[in-house]
Structure formats: C-alpha cells, structure tokens
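Okay, so here's the structure we're looking at.
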DNA sequence: TAGTAATATTTAAATATTCGAATTTACTTA
DNA sequence: TAAGTAAATTCGAATATTTAAATATTACTA
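Protein chains in written order, with this note's numbering: chain A, 101 to 185; chain B, 101 to 185.
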C-alpha cells in the first residue's frame, strides 16, 4: 500500500465517481458502469487501478462482482480534501 | 480548489517530498531543490502544480521565495493515507 | 452443449506527465 | 551598469494515462 499509488487512484474524476457510487455500501460492477457514464472496459481499467492501490475489495456474488471500499477511511479522506476550502 | 487537482498534486513522489520538506514550516525554494534531488526547473514545475491545486502558498523574502503549505490539514491527509494499512 | 451475461484483456489513438537542457526573467548589489 | 543569484519558462524526449473498439474469458442457464 504505497501512498503515491493511493493518491493516483484518487486523482481522476471517474475513479472519484466510482468511490461515490460505493459510498453507501458495496455495488455490482454492472451498476457502477452506468453510474460513471463510461464504457465497460474503461470502468474495468479504473477498478484495476483502485484495486492495485488497495483501496477497494471485490467479492463474487453469482455471476456478478461486488465492489466495496477496503476501508471507510478513504471516504473521510476524500471529504477532507473537498473541505480544503 | 478542485479535489481531483489536489489529489493529482499529491500523486507524485517528488511533490510528496516537497511537502515533507515544508512540514515543519516554510522553506526557501533554494532549500527545497536539493532536498528533492531534482533539477531547479523540475522543482519549479512541481511547485506550479501544487500552487495551482491551492495546497501551497508563497511569500517573497528578499531574493528568495518561501514556500509553505496553505493549510496544515494537508499533512494530516497525507498521514492518513500513509496509515491506510 | 449452445447461448448469454458479466467482466477482463488487448490494442491503438489522443492526451498528459515528468524531466533536464537551454534560455529567460527579475532582483539585488558591487 | 555589469555581474550574480533565484526562479520561471520553453522545448523536446520518454513515458504514463485515459478511453473506446474489438475480442476473450468465465460461468451460469436453457
């Protein structure tokens, strides 16, 4: 878990949108895709970046893959940055 | 002050090093340069990114330019990311 | 087993980032 | 005014990122 990788994982509007989407609990990738307004491969790549940074976890649920934040701390960090005046 | 720009400003090892350098108070750019081990133009560009994101302030002191964090909150944010396991 | 749904990978194009070399600007001071 | 110091800008090269299209994989289901 490298700080630079975490900050990189947060330094993109689509990835922040993905975080926003899972803020209230885990979501299926198939729900995340329309939420972002991006293509399926694009979302898949972003999820890979976030997974690599260690900020999200996944779980299989039948055919689907459910995504959630590895720690709720990440939401607090994003909030603090938003509140930086 | 846009969140993505703030996270981008934090998503680089040299810029985190610059923050580390000014953690205990303002420093002259001429001190920051050797601290990073990078060239003067390179540091100048990084400072521009950080200034644009609104996370640092500058002040002239004679010939020199002193740099400090716009808010100490930024150090707490970096610490929290470091502590994300 | 064939079809389908969910997701990943590959590829290529456009764009952005990082960096140092060279140059420039702005001040200060001898 | 000339020289020197501090910092910014320009430029080009190397590399990374973002994205969608095309394709592949996986696993369930009819």
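The C-beta atom is built at its ideal place from N, Cα and C for all residues, glycine as well.
By the neighbour-count criterion, in which a residue is buried when 16 or more other Cβ atoms sit within 10 angstroms of its Cβ, residue 108(A) is buried. For residue 182(B), the residues of chain A that pass the 8 angstroms Cβ criterion are 103, in the order they occur in the chain. For residue 105(B), the three-state secondary structure derived from DSSP is helix. When rounded, the separation of the alpha-carbon atoms in residue 180(B) and residue 144(A) is 27 angstroms. Distances from the alpha-carbon of residue 151(B) to those of 133(B), 124(B), 185(B) and 119(B) put 119(B) closest. 146(B) is the residue among 127(B), 129(B), 131(B) and 146(B) whose C-alpha sits nearest the C-alpha of residue 113(B). DSSP, reduced to helix, strand and coil, places residue 151(A) within a helical segment of the structure shown. Contact with chain B is absent for residue 147(A), since none of that chain's Cβ atoms lies less than 9 angstroms from the residue's Cβ.
Look at residue 132(A) here: in three-state DSSP terms it is helix. Only residues of its own chain outside the window of five on either side were considered, and among them 133 have a CB closer than 6 angstroms to the CB of residue 140(A), listed in chain order.
In the DSSP assignment, residue 177(A) falls within the alpha helix (DSSP H) that extends over 173-182. Collapsing the DSSP output to three states places residue 117(A) in a helix. By the C-beta density criterion, residue 166(B) is buried, having at least 16 other C-beta atoms within 10 angstroms.
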